[in-house]
Structures are given as structure tokens and as C-alpha cells.
Amino acid sequence: MRYFDPHIHMLSRTTDDYENMAAAGVVGVVEPAFWQGQPRTQPGTFIDYFDSLIGWERFRASQFGIRHYCTIGLNPKETNDVALAEAVMKIMPRYCEKDGVVAIGEIGYDDITEAEERFFAEQLQLAKELGLPVLIHTPHRDKKQGTIRSLALVREVGMDEEKVLIDHLNEVTLPLVLDSGCWRGHSIYPHTKLTEERMVALLQQYGLDKMVVNSAADWGRSDPLKVPKTGEAMLKAGFSEAEVEQVLFINPITFYAQSGNISLEEMAPVKVDQTQLWEDNSVLRGQTPIVEE
Ligand SMILES: [Zn+2]
């Protein structure tokens, strides 16, 4: 099976994760810009972070045969520092035009404050102007209210719902999104959010249309193999291989393909060449480089 993880923060993960993901059939990932576990204090740290997403991390993934794409955005938590958020909004447009940038995100609400709403709306507006899709994070607390207000803001701004992916949905919030044109994202976590079995039940109940599944793995306890593991759970529950590929490969790429910066056609496996360097850096520490013919 071929898999695509449409939401994973690889910058926080190890080379073992890349190796295990490639071995499990993951051929591509989208890495959304997000926060670092503590607030950034200066706009320059966003510039370096965005440069890592489009540069070094993309290279690092390629060294393990994985295609790497990213989204650029100002996360909801950090919008509450208004002066910083205003500065970041000025640097974002130039990053949105770079190779491998497939959406604006992850954006949305965290505590549902006035500042969060302002920069959520401004980033939706920017996506609309640039014709890019958006990835919307729904909050951990007050998720239902956060989802309802996110949908309302998408409509208020006049963003095309076909270009919106609402993420981290569960049994309570998925039905709210089904009435819209938005795509439906689900994060499979070891302890919180959804399990593979609950995800399978949602697919059985609501079908496969616009359904997207990710690991949302980051620097916290999470599992970068949750997409392949969901594929196994789907097969065990009686879904066909074609249906697994639909949800865990075709759907996410089709959504992000609306950016014009990714396509199903380009998903042939990357030929690994570990003799390559990025700014004189290698991922190897004395190992013999793997070079695939
Ligand atoms: Zn995330």
C-alpha cells in the first residue's frame, strides 16, 4: 500500500521515524507550520523556521525516499502576541509562493480570543487572494464551539469551502462539517484524539468522500505510523485496498493539489541518493550512503 501523511511535524522527529515511515509505505508528507511548544519572541525566528520547512527538512525527507511538502502559517496560540503577529503577516506572502508550499496553515482558534479571530480571518483572506487551500486546526478545549465558529468565519470571509480542510475532527464535530463543502481531517493519536478503530467506525458511518486521516505527530507523545496503522485497521474491517488508497493517499493529495504545487502524477517513489548534501550537510554520521538506481 502507498500512504500519504497530510499533517505531521517532521522537524521534531528522528531519522528512525523517516526510515520506519518509508518502510511502512509512506511516500509523502505535508508538514504544517505550527508552534514550538513555547512561544517565539521575534519575527526572525519565523523566517528561520519557514526556511527550514522549505529547505533542510525537505532535503532530509528526500534522503529517506519521502516527498515533503509544507504549509505556511501563523498558529493560533502565537497570534495573541499582536505586534509579533503583525510582523509575521508581512513575511508570510513571500513564503506562500515557494516550491512545495501547498496551503496556508495550520490556522484557527486556540482559546478563541479576539486576536486569534483577527489573524485567522486575515490568513483566510490571504489564502483567498493567493488561491491557496487552508488547513484549519480545531481547538482541544471547546472543540465544538471552535468548529462552529471556524465554519462561520470561512463563510464570512467568502473562502471557497472546497479549498478548506478542517482538522482534528471527532464524533461530535465531524457531523458539523458534513453540511459544508469543507474537507474532513482526523488525527489518530496514541491516547487522545481518535484511535484507528474509532476512525474506521467514522468511515463506515459517513463514507469516504473528502475524508482525510493524519498522525499529527510532533514533539509530544505521538506516533508517525498512525496512517499505515489506520490502513491496516481498515483492511481488517473489510475495506478494499482501493478504498484504503482513496482515503489514505488519493484524498489528501487531491485536496492539496488545488494549490498547483503537488499532484498525484508526481508521486512516483523518490530515488534515494545519500551522497547528496544540503549546504554541506548530510544526514549520515559515517554510514555508507544508500544510492538507489
Ligand atoms: Zn499540527
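With positions in the sequence shown counted from 1, the corresponding number in my numbering is that position plus 680.
From the three backbone atoms N, C-alpha and C, an ideal C-beta is built for every residue, glycine too.
Predicted model, so just to flag it, every value in this text is computed and none were measured.
Query                                                                                         : Result
Beta carbon of L812 nearer than 8 Å to that of S943                                           : no
Cutoff 7 Å; reference Q805; Cβ partners in own chain excluding five residues on either side   : V837
C-beta contact flag for V844 and C862 at 8 Å                                                  : yes
Beta strand (DSSP E) segment containing D697, residue limits                                  : Run containing D697: none in the beta strand (DSSP E); it sits in the alpha helix (DSSP H), 695 to 703.
Check: H866 C-beta below 7 Å from any heavy atom of ligand 1                                  : no
For M769, three-class secondary structure by DSSP                                             : helix
Expected contact under 8 Å - CB spacing of L754 and I727 to nearest Å                         : With 8 Å as the limit, L754 and I727 do not qualify as a contact, their Cβ atoms being about 12 Å apart.
Span separating the alpha-carbon of Q716 from that of H689                                    : 10 Å
Distance CB(V907)-CB(L928) smaller than 8 Å                                                   : yes
Span separating the alpha-carbon of S895 from that of I933                                    : 15 Å
Closer than 7 Å: E786 CB and nearest ligand 1 heavy atom                                      : yes
C-alpha gap between L858 and V710, whole angstroms                                            : 23 Å
Cβ-based neighbour list, S742, same chain, cut-off 6 Å, excluding 5 preceding and 5 following : V950
8 Å Cβ cutoff met for D847 and P819                                                           : no
Proximity test, A896 beta-carbon vs ligand 2 heavy atom, cut-off 7 Å                          : This structure simply doesn't include ligand 2; it includes ligand 1 instead.
Distance between beta carbons of L810 and E1015, contact taken as under 8 Å                   : Because the chain in this structure spans residues 681 to 973, residue 1015 falls outside the shown range and cannot be described.
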